[in-house]
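Protein chains in written order, with the working numbering: chain B, 131 to 394; chain A, 15 to 500; chain G, 980 to 1427.
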């Protein structure tokens, strides 16, 4: 099996995240087997694969969310801008400010819309004054394309929004801390098609500024939003390349089976 | 016939009914039990239940009603002069009852025959001495009218019991005959038995309501009696508590409520932070090993009876606080104090708060924590700014439940808080609570007609209403909170 | 979605390998928070340890008791003047008639061992033996009238202060200030110990003997209280278990969703939180004043505790009925069983371990309950053992926790030791019951 992929493509951007020989164990389960990959800046990279293939686990390694699970062990190197994020000197708190995350189910805090977005800037001390904080909140809500819908009710609870709005609120919350990477774990799986379309459009916009990594169940979604696609199967990274190439001309028979619906 | 024999007889009849009903069913099927609608046992149960259930019900009601009827009749029979002489008609009745009981004992011990008893004349010392010999002490000489009433009382109780026994046994036999006649292959015995069992189940479930009704009614009646003798406004707004068994008592609840609330407040001041922080630490930080040891150990505190905490307050905490805090600071000389009781009660409530908070904190969805951690919040920031605010309604509910416990707690304050009713701010002063006064007014030699005793029921009712209010509010809040995350 | 163009480029890169000052501060706050948590857990554990240490430290010594071993001559002249061994005549001799025998025996014992304490007359010397001792000998004589005239060796209780001296509660200095005991008496006790006439051994009477009066802490035991508690637990078990299970079966399996069942549910959860003393008021008003049951009787205590325990048992039973999967019910109904049969033949047996566990825990709670029992007169001084059931349920008795309370109200400090010792006994019962509950749960717990 090939253990290292480089992508020759017309979108030449610098590499943001480099993973080398990453292994993840959950107790006795070997969840990620020797994955190496390079993720580019200002690009949407999609992780696809059948359930339980390790794509979400790998995503959670990138901002060390797996640290919160006691039985999880990560080996190998993951570098962001050339710095090893599993280095002892790295504080996961600081890392996560740089690598934001959006989850499968919209999870706004039971606070007002304003406080939801202001939460990150507050804990990281990004605003020196109330005016600055207001500005960050507005900017983030605009970036998440939800400002117009909520600008008149910023003090209403975030949990009162519709599912799609909640998810965009969570995206606003994530971008409010000025991250450089945005991880999205099946962000549309709990949404209806219209809300999904809005979020997908948003993702496409976000790529101008962030390196976006999205885990998705839906191949159509991967095809729609991503420039590059990685296919995971049983903990292995099977294939990684230009999205168009993966979907039209997969190199590996397993990828082909998945795409044509024979495994999944 | 004593009650216990009657019960035994009913049980025996019922068992016989089971055996015979079953036999009859088997015989009626001509030896082929498949012809029966139900299994033979059901026919047996049907007969057995028909024997015992109606008769027991009637017996139970009879036991409740007979004393009331007889007392009313005897009281009506008592001459008006005797009643008007006495300060309180109820006291005369209690004399009658006591004398009747004494005579009963005398007969049972063989010191007197039934005829002797009926022919007794109230020549004073005689009866008192005769009863004294069998160990029944009477407080005063026997009034002739009281003796007559007591004799009539005994006679009526005898007749009543006789009629009762006959009625109950006849009813049991009637049930037996009725159920036996029904026993035939076509009879749906199982349905009948199951309906009866269901009725029993419903009756069992209704005991909860009966209990509450019993609590409310018993306290309400006596409280009304109390408020007839003592003004209701003085009770609720009086600032002095000094009961005096010779009358003229001041029975204001405010000093007691103050002591109760002050002690509960200190208890919560200890229990809430400690309980909450231990719950947070054990559920969010501690490793499985620490959790596995510390959590059950803290829960041991919940299994320790309150009398143990009371003694702990009395012999350890009280002297400790007095010698190391109160005396050096010049705040008091008393081992029993608000601080002692509050501190020990706080310790008692720690596991209560921590296990409730633990449940509530665990009910906050993990996605909420992930959301916060994913933004780069530290664990403590996540807990303080996301988890605790999200769990706040539940925690408030838990604190209210703990407060209700603290307010209703008795043994710790009886042994640790002292008996002096005071409106004071010094936490090292001995103060007292509603529960302590309920105990002290109702134990010892008490006269049940005096306001000094009856006040305990009014205190109990107040306590019940306060804790009920807290519990209902807390339960509603907690339930709402649970639904939010389900 | 054109808002994006207005956004400036991302903030300049900062190295992950250097902690910013703010991160350091936040991590310190994190550490502090964690320390608060540890302190809270530590406080809880410390409280438990101090509590247990205080009780054990005060109470363990009550399981040991100082006795004076003396040969006592059961003089015929004093005990049976007629010499006819008529038991009624012998019974007429009160304990006062026995006191001189002890005094003589002690004087002889001192003489034989060559003990002489300056400034100690015979009366004071006699006081080192408990006032209970004459009763001890009288009981023996009434049981064995044939032995009158012989000399028998007795282990007589030493006075509470003497006992306290050997347990460190009383010292020579404190005795000098105490009107109940003098240093000379303590010296005598020391001398007797050296002579082997005074021994300290296991105190079996503490478990089996009845309570004793205020003056005789050394004779006070828990027998009546343990028996009374046992009777009450029997009443609770016999009433609360069937009623609780029946109520739970109805609520969980049969109850329709209506006002009435809602009311029952609310009632049960409220009853679980009603202060225990309120149940005492209920017991006093309903069972004693209204129904006319006797005061201090285990039956009343048992009834009150039954009402208190019911919610616990109902809650536990419903939880374990709920944990039996519906598929079991469906399977029974599917082969033509009635709903009642499905419940009684299949669901109930499967839920039995959980019900039993809940019942034991409920009983353990009831065993330690004190406040309601105070109100129904259990606090009275009871020296007679209650009779055998069922009549015994109506005899006056005490209960373990109430006996503890009772002892805390007495003046002699020796009763503090007794109360702590009684708590140890109570805790041992509770530990045993809870251990059984845990074992049952471990052994029979089924995960569906």
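Cβ atoms here follow ideal geometry from the backbone N, Cα and C, with glycine treated the same way.
Smallest Cα separation from residue i: which of the options?
| i | options | result |
| --- | --- | --- |
| residue 385 of chain A | B:349, B:348, B:300 and B:338 | B:300 |
| residue 299 of chain A | G:1056, G:1020 and G:1339 | G:1020 |
| residue 111 of chain A | A:58, A:165, A:120 and A:60 | A:165 |
| residue 1285 of chain G | G:1211, G:1100, G:1404 and G:1316 | G:1211 |
| residue 1382 of chain G | G:1099, G:1241, G:1402 and G:1132 | G:1402 |
| residue 1356 of chain G | G:1414, G:1140, G:1384 and G:1199 | G:1384 |
| residue 54 of chain A | A:68, A:199 and A:158 | A:199 |
| residue 374 of chain A | A:493, A:473, A:432 and A:284 | A:493 |
| residue 17 of chain A | A:64, A:180, A:89 and A:159 | A:180 |
Determine, for residue i, whether the minimum Cβ-Cβ distance to residues of chain B falls below 8 Å.
| i | result |
| --- | --- |
| residue 497 of chain A | no |
| residue 1011 of chain G | no |
| residue 1325 of chain G | no |
| residue 400 of chain A | yes |
Leaving out the 5 sequence neighbours to the left and right, which residues in its chain are closer than 7 Å to residue i when beta-carbon positions are compared?
| i | result |
| --- | --- |
| residue 273 of chain B | 302 and 305 |
| residue 289 of chain B | 238 and 240 |
| residue 1293 of chain G | 1223, 1226, 1227 and 1247 |
| residue 1307 of chain G | 1325, 1326 and 1329 |
| residue 376 of chain B | 359, 361, 369 and 385 |
| residue 250 of chain A | 267 |
Here's the rule: buried if 16 or more other CB atoms are within 10 angstroms of the residue's CB, otherwise exposed. What is residue i?
| i | result |
| --- | --- |
| residue 1108 of chain G | buried |
| residue 183 of chain B | buried |
| residue 1366 of chain G | exposed |
| residue 390 of chain B | exposed |
| residue 369 of chain B | buried |
| residue 363 of chain B | buried |
| residue 1070 of chain G | exposed |
| residue 1238 of chain G | exposed |
| residue 343 of chain A | exposed |
| residue 1386 of chain G | buried |
Taking CB distances under 8 Å as the criterion, tell me whether residue i reaches chain G.
| i | result |
| --- | --- |
| residue 228 of chain B | yes |
| residue 297 of chain B | no |
| residue 478 of chain A | yes |
| residue 517 of chain A | Nothing about residue 517 of chain A can be reported from this structure: the residues present for chain A run from 15 to 500 only. |
| residue 72 of chain A | no |
| residue 219 of chain A | yes |
Using a Cβ-Cβ distance cut-off of 8 Å, determine whether residue i contacts chain A.
| i | result |
| --- | --- |
| residue 349 of chain B | no |
| residue 1254 of chain G | yes |
| residue 961 of chain G | What is shown of chain G runs 980 to 1427, which leaves residue 961 of chain G out entirely. |
| residue 1211 of chain G | no |
| residue 218 of chain B | no |
| residue 223 of chain B | yes |
| residue 1317 of chain G | yes |
| residue 1313 of chain G | no |
| residue 235 of chain B | yes |
| residue 1138 of chain G | no |
| residue 1064 of chain G | no |
| residue 1027 of chain G | yes |
| residue 1045 of chain G | no |
| residue 250 of chain B | yes |
Can you list, in chain order, the residues of its chain with a C-beta nearer than 6 Å to that of residue i? Leave out the 5 residues immediately preceding and following it.
| i | result |
| --- | --- |
| residue 1142 of chain G | 1045 and 1197 |
| residue 1391 of chain G | 1196 |
| residue 243 of chain A | 465 |
| residue 1231 of chain G | 1297 and 1300 |
If I measure Cβ to Cβ from residue i and keep anything under 8 Å in the same chain, skipping five residues before and after, which residues do I get?
| i | result |
| --- | --- |
| residue 208 of chain B | 147, 148, 149, 150, 152, 191, 192, 214, 215 and 216 |
| residue 1061 of chain G | 1068 |
Original post:
What runs of the alpha helix (DSSP H), each 4 residues or longer, lie entirely inside the segment 267-343 of chain A?
Top reply: 268-294, 302-317, 320-326 and 332-335
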